[in-house]
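Novice: Protein chains in written order, with the numbering used here: chain A, 9 to 312; chain R, 17 to 515; chain B, 479 to 802; chain V, 479 to 802. From the three backbone atoms N, C-alpha and C, an ideal C-beta is built for every residue, glycine too. Could you have a look at this structure, given as structure tokens, before my questions?
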Amino acid sequence: FAGLLFTGCTAGAGGRQPKKIAIVVSTLNNPWFVFLAQTAAAKAKALGYESKIFDSQNNTALESDHFENAIASGYNAILFNPTDAKGSVINVKKAKDAGIPVFCMDREIDSKDAATSQILSDSYSGCIDLGKLFVKTLNKKGNYVELLGIVSDDNTWNRSKGFHSVVDNYPQLKMVAQQSADFDRNKAMEVMESILQAHPDIDGVFAGNDAMAMGAWQALTAAGLAGKVKVIGFDGAEDAINSIKEGKLTATAMQFPKAIAELAATDADEYFKGKRDFPHKLPIPVDVVSATNIDKYTAYGKKN
Amino acid sequence: MLVAEKIGKRFTGVIALHDVSMQLRPGRVTAIIGENGAGKSTLMKILSGVYAEYEGRILLGGREVRFANPKEAQEKGISIIHQELNLIPDLSITENIFLGRELTDRWGLLNKKAMRERTAALLRRLKLNVPPDTLIRALKVGQQQVVEIAKALLLESQVIIMDEPTSAISEAEVEILYDIIEQLRAEGKIIAYISHKLDELFRIADDFVVLRDGRVTETGTMKTVDHDAIVRKMVGRDIAALEHHRTQADAAEELLSVTALDWQAGNKQLLKNITFSLRRGEVLGIFGLMGAGRTELLECILGLHPGEHTGDIRLEGQRLDLRSPRDAIRAGLVLVPEDRKKDGLIPGLDVKTNISLSILRSIGRNGLLNSKAEVTLAEHYKNSLRIKTPNLEQQVRHLSGGNQQKVILARCLATDPKVLMLDEPTRGIDVNTKNEIYKLILELAKSSLGIIVVSSELPEILTVSDRILVLCEGKISGVFPRATANEDDILKAAIPKTI
Amino acid sequence: MDLSSYRPLLTRFQSFIALLILCIALSLLSNKFLTIENGWNVLRQISVNVCISVGMTLVVLTAGIDLSVGSILAFSGAVAAGLLKNGIAWPAHDLFIGFTLLGTIVAALVVGAALGFFNGWMITRFKVPPFVATLAMLTIARGLTMLWTRGYPISSLGAKFDYIGTGWLLGIPVLVWISAVTVILAVILVRKTPLGRYIYAIGGNEQAARLSGIHINRVKIIVYSIGGILAAVGGIMVTSRLDSAQPNAGTNYELDSIAAVVIGGTSLSGGRGTIMGTVLGAIIIGVLNNGLVLLNVSPFWQQVIKGLVILLSVIVDKMNSKEA
Amino acid sequence: MDLSSYRPLLTRFQSFIALLILCIALSLLSNKFLTIENGWNVLRQISVNVCISVGMTLVVLTAGIDLSVGSILAFSGAVAAGLLKNGIAWPAHDLFIGFTLLGTIVAALVVGAALGFFNGWMITRFKVPPFVATLAMLTIARGLTMLWTRGYPISSLGAKFDYIGTGWLLGIPVLVWISAVTVILAVILVRKTPLGRYIYAIGGNEQAARLSGIHINRVKIIVYSIGGILAAVGGIMVTSRLDSAQPNAGTNYELDSIAAVVIGGTSLSGGRGTIMGTVLGAIIIGVLNNGLVLLNVSPFWQQVIKGLVILLSVIVDKMNSKEA
Ligand SMILES: Nc1ncnc2c1ncn2[C@@H]1O[C@H](COP(=O)(O)OP(=O)(O)OP(=O)(O)O)[C@@H](O)[C@H]1O
Ligand SMILES: Nc1ncnc2c1ncn2[C@@H]1O[C@H](COP(=O)(O)OP(=O)(O)OP(=O)(O)O)[C@@H](O)[C@H]1O
Ligand SMILES: [Mg+2]
Ligand SMILES: [Mg+2]
């Protein structure tokens, strides 16, 4: 264990001191964020900076600790995926006061000036598009089920709202069940199995993320309803992309964590080089991915 | 022949044994005698493999043996009845007796039938007529003690060690045990027998070994010595057998009165129509066999079973309706419980704290503790009760049985009660300390406390009480003023008629 | 006499009543509840918890506790998936070891056993309290899972493997078979073998058990290892059911399984309890989860209700058992 | 006599050594570690855990345990935020009650006390094992939080409130003041009051304590209520520090705080332990978290290392204490 620490240290203290970039991410409990964080880290390294990932474990208080520690240990910039739009503001302010630029990734914090730049993947509008597609595929009528993410997470609600802002305009689309599956594949499968008992007659499922979409899909397959029921996810995770390729999932919303992360890292680089005028908010549109355009995409991004 | 050579054993702080040498001979019962803390149990635990680290060596049949654990000792034919009961409350008699040496069939599965049968046989031999499948927790202490004996008899061991086997069983069961010991002796087994009841030793022991402060002070054969000699050897001086000259208490006014106390628990009638009274300065002895309901009676008086029993209890004429021991203490009733370890002590806390526990509030200053007052209190009782402890910060778990008992007594007296109830106050306590406690009881009575002493030892009852109440199956089966009291009548009254 | 009677039968009868009441209530509230298909659902959904809880019961019977089951489940599941999919490769010495289905399963079980053994070793050799030792393992095993999966799920493991989680055998889901066999073996272990006796004895009075010549440490280590193995079984079940090993699988499973054990009437202070009781507990929880969803109760209320039901079932139990 | 002597001083000395070693190692590995600023960081970061763990220590000393602290923290924090921001309104009878800062704080503490009291009540009145009672409360309180916040954080609570979490007083962060005061009060309670004695006595031998005239149930209820209040204090601290009440605040805090208690040398079987030990334990954990971040240890490895260090510190402790 001591050995570990030392390797850790030599990695930390070794060589001439390059600038250090902290990457604070809301959770590593979910591949999407792992990807976001690791891409950012890789990019930072490629640009010749030392970088370290901090896992806030969905806990804004822990995120606060990370900020304080990062500031104390002299990081020069923070690439930041907030746990919460409001709760995280105070942390960003802290960094700003310490003269450390913060670049928000994917989720926004609601403060005009705290962050140096915000590169946002706007799932609200993403879910609006998904909603439209959903309405189209079910052609405006039928029963559907919504699987929510972690109910204590405002992303869960951003997505739900975006979706309903469209779908609720069609009275013949009836939501027969709305249950939480915690962004978790297993939970989603079990919840779906149970729901199917009460409502074998559904036509569609909207899942707050791809993991849940996959779980739902498996439950449907087991019940022999595969294909009959349309399933829509969100994220553009690998499993989902493959599954759409195989004509299973109907659609997902592709966020571009790769683009987001690399952009944020580059911003940091330019900031060091003296650039100051960053766009306050840079929304990265969320693409709807379905059978029609699937071959343009891979996991978490566009084919290139 | 089992020989111990220069055995030494130290615990943190104490030297429990210092080159102890002795011989246990086949076909003879050797009594190991000594005060509390003399080192008897420690020595036996070494012989039976409980303690693997010790100095010196043990020879069994001329060959040196060293046991890493109790199992090895068992396999070499040494079995022991420990001083404390070592049974698993939620396992049945059979399962406890065979624990660690189950009989299995060729699939390695338990052979319950065989085990049940052999248990049944053992129980028959010990005249304990309960089904082998009874859970231990359903048995009375005495019956559990018998199970412990059965455990030791299961394997036909060469050496059988009995550490205070009779401390918890009543006359009848003792007799059975004696018969068995006779048999074993006849079979030429080696038997070590520890007891603080000296008269027992004179009945069954052939040889004796006296331990004092972890050293052997003398060995010999029982024939050559008498009671006082033994006592002298273990204590190192004479102790005056105290005889009981008391101012008649009958004059004094009534302190505690119990009328028509009934306690029905489930389908069991634990107490039936108990009516008696206690005067100031009187020592009321309550005698009875195991399970006669004596402890239950005290518990009811102490308010441990509020609402479960009927009848009325009055202290100085005031009707008591106690919801908890707390109320009892407030009212001036205290109990020194039967089972020191389980109900009496807080082993992890030190002597001082254990003594002051019941009256922290009253000796406290404006809601805070008052350490000075605590120390004075503890000091006071340390001296007046002659509690043997290195210092007041000693954890009570390290004191010997007798001194632990005194600590509890001190806690009770500190509440300065009107009525003091003692349940088996001298169980497992050596003669010397016993005498001290008897003296204390009598002194306290002089200071016009009302005292109730529950005991299964007739001599004890006869020594201390002014009046003797005999309980049998939850009913009062006799009352004897000490003047007219004699062993036979009391025993007669105590033996159940209903079987 | 068999161990089931260690707790007055009455009380287990009580949790049985509790279950019945629950079921009746639900079938009144939803006509979808009492259907064969839904029955299979519930059974399939509890099968994992049953396996884990059986192990937990053994641990709790020795007066211990195991908080690490969830993480061990995740790690061994991930190991199975990883080996099955990628085998082990050292490109450096271009060395590669592929794994058969059986191979991966064995490997996963070994991993589970090893971690469980480590728990037991810490607890017996270094006297670390079970709560702490397994709490540490909870973190460690989760970390190992993350390291092994790099935080990404390992998916599409092939039809053969998925059969475990999705297939049927003689009209019964394989998952149910697995948990059933586990339960039967455990019942035999507990009622018919000396080891079972020792487990109860240690929980009932460790000192007395030691004086009876029982190797306390050995028994404990075995028990924690079994706990680990059963967690691994759970890991394999979950993984093959999802056709994917999720890095965060099994989070908070320890709580569900302890709940099952306690609702089943096993005393956390050891020495008293039964396997069947635990199974009953697991069923109660499973039925509850299933019912709350069937009735489309809001996720917010679900938590409150679950908590209350756990309390109630234990209270019912207590009020009718001698201890109360 | 002071209760610290209940554990051989040596062992507490040991966990102190453990802390020293840790600090020295870290300051060698990172020149950023031993800075005043970082010192304040660590203290500020552990302040919440210290408050909770002090309550936990009292509970554990009575041989109990409290798994619900995290959820109680979340709920009382949310209540404070909600009342402060929106007060209570019944549009129906257009009735509205506004809350002052003090009012909200009191309200939050009352909520914490109430939930803690409920725990104690279940445990004493219905003989529900502490583990289960508080496990149920863990779910219930979380559910209540969701219902109260509808799953959304409650933010921007105003400078006055934020001062608690972010302000300084006489050159010391307010958070640190709060935890310091809590600790001092607790030490007084434990060493200098009868109640403190009763807590140790109950943990040491409940039956004997009862016969000595101690009101077991009352003491336990008080202790769990204190636990709830301190959780609420923690809730206020967290909320004002973030200027926002997070619905999922405090998740898993029970584990951190139990870890602190045990590393501090308090025995989970009750009757033995000290407040200062727990503080020490909390510091060790805090320093560890802080240090692992300062050093360039990957988040996945951090979990593994953390687990190992917890094990180590307990083992060091055990090996040097008589019990081992
Ligand atoms: N708190 C969380 N815990 C676990 N997984 C989460 C959490 N929040 C989101 N996720 C998962 O990670 C994916 C990416 O989350 P993300 O932050 O992009 O949500 P979002 O709705 O895009 O945020 P925003 O509304 O700010 O755009 C989500 O689609 C979801 O699958
Ligand atoms: N585990 C232990 N730790 C520390 N000291 C001990 C331990 N066991 C016994 N002692 C001490 O060793 C001495 C001998 O104890 P032992 O139990 O052998 O006395 P004994 O003769 O059996 O007394 P009794 O007649 O009360 O049973 C006593 O001073 C006791 O306090
Ligand atoms: Mg997004
Ligand atoms: Mg002895």
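Using only CA atoms, which one of R/Glu409, R/Ser374, R/Val299 lies nearest to R/Leu460?
Specialist: Checking every option, the nearest Cα to that of R/Leu460 belongs to R/Val299.
Novice: Do three or more CB pairs link the segment 569-581 of chain V to the segment 655-669 of chain V at distances below 8 angstroms?
Specialist: The segment 569-581 of chain V vs the segment 655-669 of chain V: no contact.
Novice: Specify the secondary structure class of A/Pro90 as computed by DSSP and reduced to three states.
Specialist: Coil, per DSSP.
Novice: Please list, in chain order, all residues of the same chain as B/Arg485 whose beta carbon is under 6 angstroms from its beta carbon, the five residues on each side excluded.
Specialist: In this prediction, B/Arg485 scores a pLDDT of 39, lower than 50, which makes its location untrustworthy; the coordinate-derived value is nonetheless stated afterwards. Closer than 6 angstroms at Cβ, skipping near neighbours: Gly743, Arg750.
Novice: Measure the alpha-carbon distance for V/Leu481 versus V/Arg669 and round it to whole angstroms.
Specialist: Since pLDDT at V/Leu481 reaches only 39, below the 50 mark, its modelled position is unreliable, and the value read off the structure follows with that caveat. Distance between the alpha carbons of V/Leu481 and V/Arg669: 6 angstroms.
Novice: Alpha carbon to alpha carbon, how far is R/Pro42 from R/Ser173?
Specialist: Between R/Pro42 and R/Ser173, the C-alpha separation is close to 12 angstroms.
Novice: Note down the Cα distance separating A/Val100 from V/Leu773, rounded to an integer number of angstroms.
Specialist: Cα to Cα, A/Val100 sits roughly 22 angstroms from V/Leu773.
Novice: Regarding R/Phe27 and ligand 2, is the C-beta to nearest heavy atom distance less than 7 angstroms?
Specialist: Yes.
Novice: Using a Cβ-Cβ distance under 8 angstroms, would B/Gly743 count as near chain V?
Specialist: It does not; no Cβ of chain V falls within 8 angstroms.
Novice: Look up A/Gln187 in the DSSP assignment and give the residues it is bridged to.
Specialist: Answer by DSSP bridge pairing, in chain order: A/Leu155.
Novice: Can you tell me which of R/His325, R/Ile246, R/Phe303 puts its alpha carbon nearest to the alpha carbon of R/Leu277?
Specialist: Nearest of R/His325, R/Ile246, R/Phe303 to R/Leu277, Cα basis: R/His325.
Novice: For a cutoff of 8 angstroms on Cβ pairs, would you count R/Lys87 as touching chain B?
Specialist: True, the Cβ-Cβ gap to chain B drops below 8 angstroms.
Novice: Output the residue ranges of the beta strand (DSSP E) runs that lie fully inside the segment 389-475 of chain R and measure 3 residues or longer, sorted by chain position.
Specialist: Here the runs fully enclosed are 435-439, 466-471.
Novice: Suppose the cutoff is 6 angstroms on Cβ atoms and the five residues either side in sequence are ignored; what does the same chain contact list for A/Ala52 look like?
Specialist: Closer than 6 angstroms at the Cβ level, and outside the excluded window around A/Ala52, lie Ile29, Ser59, Ala273.
Novice: Answer with yes or no whether the minimum CB distance from B/Ala727 to chain A is below 8 angstroms.
Specialist: It does: the Cβ of B/Ala727 has a partner Cβ on chain A nearer than 8 angstroms.
Novice: Reducing DSSP to helix, strand and coil, say where R/Asp223 ends up.
Specialist: In this structure, R/Asp223 counts as strand in the three-state DSSP scheme.
Novice: Using a Cβ cut-off of 9 angstroms, pull out every chain R residue sitting near V/Ala687, in sequence order please.
Specialist: Near V/Ala687 (Cβ distances below 9 angstroms), the residues of chain R are Ile362, Leu373.
Novice: Is V/Ala552 close to chain B, meaning its C-beta is less than 8 angstroms from at least one C-beta of that chain?
Specialist: By this cut-off, V/Ala552 is not an interface position.
Novice: Does chain A have any CB closer than 8 angstroms to the CB of B/Pro771?
Specialist: Reading off the sequence, residue 771 of chain B comes out as Val, not Pro. Taking Cβ atoms only, chain A reaches closer than 8 angstroms to B/Val771, which makes this a yes.
Novice: Give the interface partners of A/Met197 over in chain B, defined as CB-CB distance under 8 angstroms, in chain order.
Specialist: Result: Arg719, Leu720.
Novice: Can you list, in chain order, the residues of its chain with a C-beta nearer than 6 angstroms to that of A/Ala215? Leave out the 5 residues immediately preceding and following it.
Specialist: If we look at A/Ala215 and ignore the five residues flanking it on each side, its Cβ neighbours are Leu155, Ala221, Ala224, Gly241.
Novice: With a 10 Å radius around its C-beta and 16 neighbouring C-beta atoms as the bar for buried, classify R/Met17 as buried or exposed.
Specialist: Exposed, since its Cβ has fewer than 16 Cβ neighbours within 10 Å.
Novice: How is A/Ala215 classed by DSSP in three states: helix, strand or coil?
Specialist: If DSSP states are grouped into helix, strand and coil, A/Ala215 belongs with the strands.
Novice: If you draw a straight line from the C-alpha of A/Gly309 to the C-alpha of A/Ala261, how long is it?
Specialist: Rounded to whole angstroms, A/Gly309 to A/Ala261 spans 11 angstroms at the Cα level.
Novice: Do V/His693 and R/Arg346 have their C-beta atoms closer together than 8 angstroms?
Specialist: Not closer than 8 angstroms, so no.
Novice: Roughly how many whole angstroms lie between the Cα atoms of V/Leu506 and V/Leu512?
Specialist: Looking at the two C-alpha atoms, the distance is approximately 9 angstroms.
Novice: Using DSSP with H/G/I as helix, E/B as strand and the rest coil, what is A/Ala21?
Specialist: Caution applies to A/Ala21, whose pLDDT of 41 falls short of 50 and renders its modelled position unreliable; the value that the coordinates give is listed next. Helix at A/Ala21.
Novice: Starting from R/Arg483, follow the beta strand (DSSP E) in both directions and report where the run begins and ends.
Specialist: Counting along the chain, the beta strand (DSSP E) containing R/Arg483 begins and ends at 483-488.
Novice: Quick one: give me the first and last residue of the alpha helix (DSSP H) that A/Asp209 is part of.
Specialist: Taken as a continuous stretch (DSSP letters only), A/Asp209 belongs to no alpha helix (DSSP H), as it is neither H nor E.
Novice: Going by C-alpha distance, which of R/Gly72, R/Leu126, R/Ile457, R/Glu21 is nearest R/Gly297?
Specialist: It is R/Ile457 whose Cα lies nearest to the Cα of R/Gly297.
Novice: I need the boundaries of the beta strand (DSSP E) containing R/Asp366, first residue and last residue.
Specialist: Where R/Asp366 is concerned, there is no enclosing beta strand (DSSP E), given that its DSSP letter is neither H nor E.
Novice: Pair every Cβ in the segment 578-594 of chain V with every Cβ in the segment 547-561 of chain V, then say whether three or more of these pairs are closer than 8 angstroms.
Specialist: Judged by Cβ distances under 8 angstroms, the segment 578-594 of chain V makes contact with the segment 547-561 of chain V, as three or more pairs qualify.
Novice: Taking 8 angstroms as the CB-CB limit, is B/Asn774 close to chain A?
Specialist: Yes, because at least one Cβ of chain A sits closer than 8 angstroms to the Cβ of B/Asn774.
Novice: Given this structure, state the Cα-to-Cα distance separating V/Ser483 from R/Ile424, to the nearest angstrom.
Specialist: Per-residue confidence for V/Ser483 stands at a pLDDT of 40, beneath the threshold of 50, marking its modelled position as unreliable; no derived number is given.
Novice: Look at the alpha carbon of A/Gly150 and the alpha carbon of A/Asp211, and state the distance between them as a whole number of angstroms.
Specialist: About 6 angstroms.
Novice: Between V/Asn767 and ligand 2, is there a pair consisting of the residue's CB and a ligand heavy atom that are separated by less than 7 angstroms?
Specialist: For ligand 2, not one heavy atom lies less than 7 angstroms from the Cβ of V/Asn767.
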